[in-house]
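Structure first, then comments.
Numbering (this note's numbering), first residue to last: 14 to 233.
So this is what it looks like as structure tokens:
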């Protein structure tokens, strides 16, 4: 990690104490922003969304023109653009009981997230597994991708590359997948394919064991 050398100068107070107080306040803002830039802490207060539970390989978060390397127990914030590297895996706990697992070369944006009211997450690329415990309190969450919108009503589902298409598979619960082409509701054991962003989601169908295994292996 490269550290920048910071050169800050404050004039001594002489005849204008009022101006010195203003300068001191400005100095505090400059110093806080500079230290945030050096140490990778958001310089503007952001809402904490959760934390990193596990990481294999490398992962990063970008927000407000700041680039942070993620480690186990690192906090993630609303507005973070989270990315994983090649052959990497990342597990995040959002809120109290929502687990997000990302596979390699994945990118996810935490658009909005509150542990009590749900939120919105964007998945520009890569595989993701969404998990919530059985019996957990219902919480509306939407996953946005270039292929469509996933409205979460279930507890565990996969979304991402599968068999050369964008696939969504529900392990437990129910999700609704929709785009300009149409809408399908998936129940436990069912999946759908989206070959292109404009393609209508295919009718729900049971995925085979091998396809399920490959999908889950891509995020674990």
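We put the CB at the ideal spot given by N, CA and C, even for glycine. Note that the structure is predicted; figures quoted are calculated from it, not measured.
Buried versus exposed, by CB contacts within 10 Å (16 or more), residue i
i, result
"residue 205", "buried"
"residue 168", "buried"
"residue 48", "Here the model assigns residue 48 a pLDDT of 40, short of 50, so the residue's position is not dependable, and the following value carries that caveat. Answer is exposed; the Cβ neighbour count stays below 16."
"residue 140", "buried"
"residue 70", "exposed"
"residue 109", "exposed"
"residue 145", "buried"
"residue 111", "buried"
"residue 310", "The structure shown does not extend to residue 310, since the chain spans only 14 to 233, so no value can be given for it."
Continuous alpha helix (DSSP H) stretch holding residue i: start and end
i, result
"residue 166", "Per DSSP, residue 166 belongs to no alpha helix (DSSP H) and is neither H nor E."
"residue 229", "222-230"
Identified DSSP bridge partners for residue i
i, result
"residue 106", "64, 112"
"residue 135", "122, 157"
"residue 219", "203"
"residue 81", "74"
Alpha-carbon to alpha-carbon, residue j and residue i
i, j, result
"residue 101", "residue 67", "11 angstroms"
"residue 162", "residue 173", "12 angstroms"
"residue 59", "residue 199", "35 angstroms"
"residue 90", "residue 179", "27 angstroms"
Inter-residue CB distance, residue i and residue j (contact presumed, cutoff 8 angstroms)
i, j, result
"residue 103", "residue 126", "The pair is not a contact, with the Cβ atoms about 16 angstroms apart (cut-off 8 angstroms)."
"residue 92", "residue 123", "7 angstroms"
"residue 138", "residue 119", "6 angstroms"
For residue i, the first and last residue of its enclosing beta strand (DSSP E)
i, result
"residue 191", "187-192"
"residue 71", "Premise fails: residue 71 is in no beta strand (DSSP E) and is neither H nor E."
"residue 94", "94-97"
"residue 141", "141-144"
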